[in-house]
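Read the structure below first, then the notes.
Residue numbers (the working numbering): 375 to 1526.
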């Protein structure tokens, strides 16, 4: 049946082939509607003048030409780097207190390493773009044949042939297909997240176009590129005639051709002009909140740097000016009468200013240049651990977790709001037939996720006993559990399984029920030639589930022809399978306004039957008096199914009289051929007329199966304090059902529903008065939001949580400037938020609104191209690497295989990364303040002469070899608690949400600790070393000896401080901490062996002076112990009297 020549769907389908009059084509040629496409003639001189884009897409952040300037700009957005750039330039002047190389080299290494990391990450994105751009499609060439051409070489106006299961390379105008009527089936999962197939159709004028393409020339005038996925306005000019175009003729890029052998189309929009790319946002340069706060800390430290430089320069200026007083030289040994401008008492103000510049460089170690590169190294290694986490490996698709950027690791530990797509993200993109009500009897023993959640809340006792009760209910009396699992069918009930329904009291009703499921659909069977198994291509997952269920109950749909549907039915009388054919006369398709679908068929007994399925809100009112026998029971079952989170449809039928059908057929023909503006209304009325006096058979209940672990994941994230919003393109009913299933919604919640599907608005829409509709809609949404706020306030007083549910139409007005703040206030006050029928643009706008208004970290998660804008707008974008499409992954910051892995990504890796980076930064500032302020204390002792206390290369290597490696080890390996405890106690995540470890109090506390340590080290050393003999021969400590002793104490103190800070020791930490201390001594020996011209003050200082002095070793030991006591005392007090979350868990674990 694939390709189906001879099937004239326009004769069967009532609604799909009506050309709508709603689109205003009078705007063509005006502003916003100026695009002109020369079909099958891209080399036309007029077409070349238009200079439309090619079809080469790019999602990268950089290009070959802008990488260096843009990457440098990114690096120098960091204030510390700007400071060190200025310092590097000034270091070549006489003002510098040390040699230029010692400051230029670290800057070059830091900037270069970061740029290399950025280049590697962007190259990964580039490779994915190359893969997409190099896909191939058949393009009609000048030699009148089709040639395989790369997507990137496709041009506007090209005529292309796309074959079954291929993606469309650009936005195409459908010309014809393998079906005679020019219809095709399209899967739009990458656009709207839905797996159901959409029917597209070409114009009748081009439907027969399958060869002789060289004759075909046409012009399309249409709208300019825009982001509206579900609208298109344009005209086709062909053979001196004009044909209006609608979205039914447009095939969008990244949609997939399904169940159709091939189509021919003309390229309308290419590259970033396509609607899917118009819905994306250019990849933003994302920076974590910790990094942005780090800039503020750098500003603070720079202010401290300026302050102490100013203090030093003022005191230096005063002392220099006093060197000559009354013609007398106070410090005659400095020769103030013969000196440079930098020490001239006659120009003390200028000397003071020069000293200020020197001080800015001298005390520059207060601002850690290696901090950024150390963080970059740590983050890259953290991403490796994320990528290699076996607990986030999805075996079904063989996809591990993937951190596509390392910039946002710590933000994973501070997520306040998660904005999630539904289809393919929370669900498996499949429906399962689990229950049904037939003739007033409920069938199906399965237990849904919602039912399990309800029973857990209501049932007292051990959770294991609750699970056991579920198992008993599902398997009690069920002898069919050993059967092979069938996709789309999860029904268990021995009463009607395996043909036993023929023994039921209402077997005739059951027969008609499953017959309706087997016939009333638009699915097409696909028979596997090797195995003989039948699969179904359906327009919706529900429809596929119904056909599969009918097959399992003995009504196998196996063939569809031009005018018939054929079944293998289980005969009620004989109990054997028989083949029956039903002549298909009309299909009245499902739509959101009709909420039902019907088919009219003629059976082998020549009976005319109308078979119908639809929502209970429209079906019960259409029942005849005789057809309401089971209405009360069916309504009760539907209510129970809905409470269980299932999607329900009512099944009914009626027998038509020949005369009645003939009259109706004439009425329908008149309505379809009408040329009036209300033709749609006339056709609706004709369908409504025949869909009356139905006989109720029962109701179906299908479950949109959640991904494994979703309810538990959402529960734990909620316990961690994370708010979750669902933004979906699905209907409100579907989204609400999933909300219950995944525990986002609970029974006791008060639901606040904001919708424009009200009788008043619908009546205005039929009048098509756009201004009146907009005004009424705005007023209605405003009123509903205000009422919602009142409900939330009253619910809060009665300790009842609220859930906000809003549809796409309402969201348009809620996001308007005058309403967005009011809407956000309502949404934030609600425990859960579900936005239904949301377009990709709306998803991105909602994400932006939440991000900006709350100021908290937002995370967006989705799996399709329709989620790309949302992922890029959020602080963190997480893509689901699903079975179909990689657009979301390509635009994401992190990629995972299943939604449930988000729990581990945030509660484990996010928690660890936040703690590690926060502690690492605080420690960095501590160790650099400890080091930098010893320089200041020495300057005060040396009359602020600008003389550094330490050798210049010793100062350069302080942050490179002697203290950085332990910090990096902390940032990679440290754990407050194990991964299992992070998951067991979600409350731990509050440390990140409340930003406990990187608050200003915490940061200033570490800085204060650095001040104390520097003071203890300097003043204790100078007190114990300077005023007594240092060497055995009685000589006192010289300048270089004092510097080495101070430096040794600093190295020991900051590394031992690291040992006190670490929670989780590995051999690597021990190796780095004690190795750095040992390496200081090794360096001092080797560097001291160099000639004095190179080693300067470090020449032989350890070997000849320090190593042989007991005072050197004793002072080092006691000073280091003294410097560690303040932090040790504070930590002991804090753990004993004010323990944090992780401290409590650690104590509990130690107590057993």
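The beta-carbon is built from N, C-alpha and C at its ideal position, and this holds for glycine as well.
Three-state secondary structure assigned by DSSP to residue i
{"i": "residue 859", "result": "coil"}
{"i": "residue 979", "result": "coil"}
{"i": "residue 939", "result": "strand"}
{"i": "residue 1277", "result": "helix"}
{"i": "residue 1536", "result": "The structure shown does not extend to residue 1536, since the chain is modelled only from 375 to 1526, so the question has no answer here."}
{"i": "residue 1124", "result": "strand"}
{"i": "residue 558", "result": "strand"}
{"i": "residue 1267", "result": "coil"}
{"i": "residue 834", "result": "Reliability of the predicted coordinates at residue 834 is poor, the pLDDT of 48 falling under 50, and no value is obtained from them."}
{"i": "residue 478", "result": "helix"}
{"i": "residue 1032", "result": "helix"}
{"i": "residue 616", "result": "strand"}
{"i": "residue 1235", "result": "strand"}
{"i": "residue 1069", "result": "strand"}
{"i": "residue 817", "result": "strand"}
{"i": "residue 1340", "result": "helix"}
{"i": "residue 1464", "result": "coil"}
{"i": "residue 1429", "result": "helix"}
{"i": "residue 1392", "result": "helix"}
{"i": "residue 1317", "result": "coil"}
{"i": "residue 660", "result": "coil"}
{"i": "residue 444", "result": "helix"}
Distance between beta carbons of residue j and residue i, contact taken as under 8 Å
{"i": "residue 1132", "j": "residue 1193", "result": "Not a contact, Cβ separation roughly 18 Å."}
{"i": "residue 917", "j": "residue 942", "result": "Going by Cβ atoms, the distance from residue 917 to residue 942 rounds to 19 Å, so no, they are not a contact pair."}
Identity of the residue in the options nearest residue i by Cα
{"i": "residue 1118", "options": "1128, 1100, 1333, 1134", "result": "1100"}
{"i": "residue 478", "options": "466, 488, 489", "result": "466"}
{"i": "residue 412", "options": "611, 460, 1447", "result": "611"}
{"i": "residue 694", "options": "565, 753, 723", "result": "723"}
{"i": "residue 462", "options": "624, 731, 1524", "result": "731"}
{"i": "residue 1066", "options": "892, 1475, 1438, 997", "result": "997"}
{"i": "residue 762", "options": "777, 748, 750", "result": "777"}
{"i": "residue 956", "options": "947, 981, 944", "result": "981"}
{"i": "residue 668", "options": "512, 1458, 1377, 1410", "result": "1377"}
{"i": "residue 959", "options": "910, 739, 582, 1035", "result": "1035"}
{"i": "residue 561", "options": "533, 626, 614", "result": "626"}
{"i": "residue 740", "options": "1384, 1509, 606, 1455", "result": "1384"}
{"i": "residue 1325", "options": "468, 644, 1473", "result": "1473"}
Beta-carbon contacts of residue i that lie in its chain and below 8 Å, excluding the five residues immediately before and after
{"i": "residue 510", "result": "522, 523, 524, 525"}
{"i": "residue 770", "result": "1271"}
{"i": "residue 604", "result": "621, 1213"}
Residue i: CB within 7 Å of a non-hydrogen atom of the ligand NAD
{"i": "residue 971", "result": "What this structure holds is no ligand at all, so the ligand NAD is not there to describe."}
Cβ shell of residue i (< 6 Å), same chain only, five flanking positions each side left out
{"i": "residue 527", "result": "none"}
{"i": "residue 1077", "result": "806, 808, 822, 1020"}
{"i": "residue 642", "result": "411, 545, 547"}
{"i": "residue 1237", "result": "798, 799, 1254, 1256, 1262"}
{"i": "residue 880", "result": "813"}
Residues near residue i by beta carbon distance below 7 Å, same chain, minus five either side
{"i": "residue 496", "result": "434, 435, 436"}
Inter-stretch contact at 8 Å, needing at least 3 Cβ pairs: the stretch 1298 to 1318 / the stretch 1383 to 1392: yes
Flag this pair as touching only if the stretch 637 to 648 and the stretch 542 to 557 have three or more C-beta atom pairs under 8 Å; answer yes or no. yes
Do the stretch 1086 to 1097 and the stretch 988 to 1005 touch if we need at least three Cβ pairs shorter than 8 Å? Contact fails between the stretch 1086 to 1097 and the stretch 988 to 1005, because fewer than three Cβ pairs, one in each stretch, are under 8 Å apart.
Give a yes or no on contact between the stretch 1414 to 1422 and the stretch 1495 to 1503, applying the rule of three or more CB pairs nearer than 8 Å. no
Using a Cβ distance threshold of 8 Å, determine whether the stretch 1108 to 1117 contacts the stretch 1013 to 1021, with at least three qualifying pairs required. yes
Do the stretch 866 to 876 and the stretch 809 to 818 touch if we need at least three Cβ pairs shorter than 8 Å? yes
Determine contact between the stretch 1441 to 1460 and the stretch 1342 to 1352, defined as no fewer than three beta-carbon pairs at a distance below 8 Å. yes
If we count Cβ pairs, one from each stretch, closer than 8 Å, do we get three or more for the stretch 1482 to 1492 versus the stretch 1417 to 1432? yes
Is there contact between the stretch 1120 to 1136 and the stretch 1173 to 1185, where contact requires at least three CB pairs shorter than 8 Å? The answer is yes - the stretch 1173 to 1185 touches the stretch 1120 to 1136, with three or more Cβ pairs under 8 Å.
At a cut of 8 Å, does the stretch 785 to 793 reach the stretch 1309 to 1321 through at least three beta carbon pairs? Short answer: they don't touch.
For the stretch 444 to 462 against the stretch 664 to 684, are there 3 or more C-beta pairs whose distance is under 8 Å? yes
Any 3 or more C-beta pairs closer than 8 Å across the stretch 1281 to 1288 and the stretch 1360 to 1367: yes
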